[in-house]
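Visitor:
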Amino acid sequence: MKVVPKQFLQEQTTEKEMEAKIRGTSLDQVKLQQVVCHIDECIYCNNCNTSIADFHRSCPKCAYDLCLSCCCELRDGCPPGDGGAVVAQYQSRGMDYVHGGEPLTEKESETMDVHDNASSDRPMLLKEWKANSDGSIPCPPSGLGGCGCCLLELKCLFTEPWLLELYKKAKAVTSSARDVDLDHFQRHWVKGEPVIVSNVLELTSGLSWEPMVMWRALRETKHYRGFSDDLAVDAIDCLDLCVGEINIHQFFTGYTEGRWYHNGWPQILKLKDWPPANFFEERLPRHGAEFISALPFQEYTHPRYGLLNLAVRLPKAVLKPDLGPKTYIAYGLSEELERGDSVTKLHCDMSDAVNVLTHTAEVVLNANQHAKIDSLKRKHREQDQRELGLENVVEKDLSTPATNSAETGDALWDIFRREDVPKLQEYLKQHSKEFRHVHCCPVEQVAHPIHDQAFYLTVEHKKKLKQEFGVEPWTFEQKLGEAVFIPAGCPHQSCIKVAMDFVSPENVNECLRITEEFRRLPLDHAAKEDKLEVKKMAIHAVREALKVLEDDPK
Numbered sequence: 001m002k003v004v005p006k007q008f009l010q011e012q013t014t015e016k017e018m019e020a021k022i023r024g025t026s027l028d029q030v031k032l033q034q035v036v037c038h039i040d041e042c043i044y045c046n047n048c049n050t051s052i053a054d055f056h057r058s059c060p061k062c063a064y065d066l067c068l069s070c071c072c073e074l075r076d077g078c079p080p081g082d083g084g085a086v087v088a089q090y091q092s093r094g095m096d097y098v099h100g101g102e103p104l105t106e107k108e109s110e111t112m113d114v115h116d117n118a119s120s121d122r123p124m125l126l127k128e129w130k131a132n133s134d135g136s137i138p139c140p141p142s143g144l145g146g147c148g149c150c151l152l153e154l155k156c157l158f159t160e161p162w163l164l165e166l167y168k169k170a171k172a173v174t175s176s177a178r179d180v181d182l183d184h185f186q187r188h189w190v191k192g193e194p195v196i197v198s199n200v201l202e203l204t205s206g207l208s209w210e211p212m213v214m215w216r217a218l219r220e221t222k223h224y225r226g227f228s229d230d231l232a233v234d235a236i237d238c239l240d241l242c243v244g245e246i247n248i249h250q251f252f253t254g255y256t257e258g259r260w261y262h263n264g265w266p267q268i269l270k271l272k273d274w275p276p277a278n279f280f281e282e283r284l285p286r287h288g289a290e291f292i293s294a295l296p297f298q299e300y301t302h303p304r305y306g307l308l309n310l311a312v313r314l315p316k317a318v319l320k321p322d323l324g325p326k327t328y329i330a331y332g333l334s335e336e337l338e339r340g341d342s343v344t345k346l347h348c349d350m351s352d353a354v355n356v357l358t359h360t361a362e363v364v365l366n367a368n369q370h371a372k373i374d375s376l377k378r379k380h381r382e383q384d385q386r387e388l389g390l391e392n393v394v395e396k397d398l399s400t401p402a403t404n405s406a407e408t409g410d411a412l413w414d415i416f417r418r419e420d421v422p423k424l425q426e427y428l429k430q431h432s433k434e435f436r437h438v439h440c441c442p443v444e445q446v447a448h449p450i451h452d453q454a455f456y457l458t459v460e461h462k463k464k465l466k467q468e469f470g471v472e473p474w475t476f477e478q479k480l481g482e483a484v485f486i487p488a489g490c491p492h493q494s495c496i497k498v499a500m501d502f503v504s505p506e507n508v509n510e511c512l513r514i515t516e517e518f519r520r521l522p523l524d525h526a527a528k529e530d531k532l533e534v535k536k537m538a539i540h541a542v543r544e545a546l547k548v549l550e551d552d553p554k
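The opening position of the sequence shown corresponds to residue 1 in the UniProt record's numbering, with each subsequent residue numbered one higher.
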């Protein structure tokens, strides 16, 4: 933990030295204005949307705030943050195209809305915004949210010597601390390896996680009392990744019995964060308590009392990140469809996570349904070949099913090692056009191969990844009642689960690295928001740990 406050201290010392240079005075004569910020408020950088933990620059006229990372990039002559990049917008090409047919004409196409902040002027304005020769930074023009009238002033959130004193105390404590033997979990965790724990539900009360039971329990709470089975919920259609309303009873019926398009293709739907994660324990209190009590290694995973969960160390009045529990309820088939599979695409979380498979249901397909699926898969593959110019390439027999997420009781996981991320990203960039995203359109633009969440590696792609780059993930099937621990920074793709996020001391620096990657994403990117605020979390965690050690050195 000592590296975390030291890193912050180095950033702030460098910026304060720059401030002394700008003012033409000595470092010890630089006194900063402390910003009045209530403990339940958050300050974000107006340029990159990253949370600000302490030092930052601010405009005295329009209150535009800029983080130290953006300040550093401006002085290096680089466009700060995302550099003005925007996220590609996909057009609907019609349902016939989704199933392998021809796209709608340009006139017929439905254009998706473009976010207001994806302005074509932003990249040029960012390039024109530069630091002065003495290191001072002007407030950006109105097109970037500033006023363009003043120089940004260096300010702080905490009393100035506070972080330096914290670092000195942490250094003194950690230098005198003796080594402690790590247990089996920690030996793997400190190396960034996933951990699987079996039978975590055995010691619980046996509360049912069957979706209709959860819905009936939800209807007993004050928030849903009186609601009928006619309640509509938003579900994601895994085929085109579009969100649509569906009757909740119909959704759960489809979960146990299956749903189908008119052409016989399975309609794969999923509810993400139902009920809303920040209300899970409030609206399903028994299920919330059951899930938390089932979590192994509660020193890390307990959301309120985990001694090694940095998120617990935040003061009570501070706004806390939403770490769960989070429920993902989805349909699925045992064979890999290759298009529209029930999956969470490849991504990388800002925090550590534990995922428990709490319920599964089996949907059995008959021979006629299998035949229709095989026929459409051939049509899909022909479309892929046609669009990639590979019509004459001999393909595999698509009637041979590939294992994906088995509704007979398993969920498939692929988790990649942190050290393999550069090669994984290069593979995805080289093969991006072979993947499909929103409206089943080929991936047209890659802002970040992992954080875009536009890719799911099928069995075929995993084979090619190993052949071309020598990279393969940890691949395993999660059984009912098993908990899967995923360290921060490990890209992964998965199926259904109930999840809880946490921040362990071993991986806090990885959380900081991912936060920096998110900071550089385009402004309208879905993963842009700094929801974790790990810098603030780390500072409070060190302070709390020192307080405990000072009160009881043993």
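For glycine and all other residues, C-beta sits at the position ideal for the given N, C-alpha and C. Bear in mind that the values here come from a model prediction, so they are computed numbers and not experimental data.
If you draw a straight line from the alpha carbon of D237 to that of E529, how long is it in whole angstroms?
Guide: 24 Å
Visitor: By the 10 Å Cβ neighbour count, where 16 or more other Cβ atoms means buried, how is L307 classified, buried or exposed?
Guide: exposed
Visitor: So, with DSSP's three-state summary, where would you put E210?
Guide: coil
Visitor: Is R436 helix, strand or coil by DSSP?
Guide: strand
Visitor: Can you tell me whether G254 is helix, strand or coil according to DSSP?
Guide: Looking at G254 - three-state DSSP - the assignment turns out to be helix.
Visitor: Does the distance from the C-beta atom of Q478 to that of L357 stay below 8 Å?
Guide: One thing to note: Q478 has its Cβ within 8 Å of the Cβ of L357.
Visitor: In whole angstroms, what separates the C-alpha of Y64 from that of K377?
Guide: 53 Å
Visitor: In angstroms with no decimal places, state the Cα-to-Cα distance between R520 and H99.
Guide: 35 Å
Visitor: Does Q7 come out as helix, strand or coil in the three-state DSSP assignment?
Guide: helix
Visitor: What are the uninterrupted segments assigned as beta strand (DSSP E) that are 3 or more residues long and contained completely in the region 317-373, given in chain order?
Guide: Listed in chain order, the beta strand (DSSP E) elements of length 3 or more contained wholly in the region 317-373 are 326-330, 344-347 and 352-356.
Visitor: Taking the C-alpha atoms as reference points, what is the distance between R187 and E506?
Guide: 11 Å
Visitor: Would you check if the distance between the CB atom of V87 and the CB atom of H525 is smaller than 8 Å?
Guide: yes
Visitor: For chain D, is any of its Cβ atoms less than 8 Å away from the one on Y90?
Guide: Absent from the structure is chain D; it holds one protein chain and no more.
Visitor: Could you tell me which residues DSSP pairs with T475 in its beta bridges?
Guide: D414
Visitor: With a 10 Å radius around its C-beta and 16 neighbouring C-beta atoms as the bar for buried, classify L231 as buried or exposed.
Guide: Per the 10 Å Cβ criterion, exposed.
Visitor: Keeping to the same chain, check which residues put their C-beta closer than 7 Å to that of R543; ignore five residues upstream and five downstream.
Guide: L166.
Visitor: If distances are taken between C-alpha atoms only, which option among L151, V36, F291 and E102 comes closest to C59?
Guide: L151
Visitor: Below 8 Å between beta carbons: does that hold for L207 and E290?
Guide: The criterion of a C-beta distance shorter than 8 Å is satisfied by L207 and E290.
Visitor: Just to confirm, is the Cβ distance from T50 to T344 under 8 Å?
Guide: Note that the C-beta distance between T50 and T344 is not below 8 Å.
Visitor: Can you have a look at I329 and say buried or exposed, based on whether 16 or more other CB atoms are within 10 angstroms of its CB?
Guide: buried
Visitor: Can you give the beta carbon distance from L32 to K155, rounded, assuming they're within the 8 Å contact cut?
Guide: Between K155 and L32 the Cβ distance is about 6 Å, and since that is below 8 Å, they are a contact.
Visitor: Use the C-beta contact count for D352: other C-beta atoms within 10 angstroms, 16 or more gives buried, fewer gives exposed.
Guide: buried
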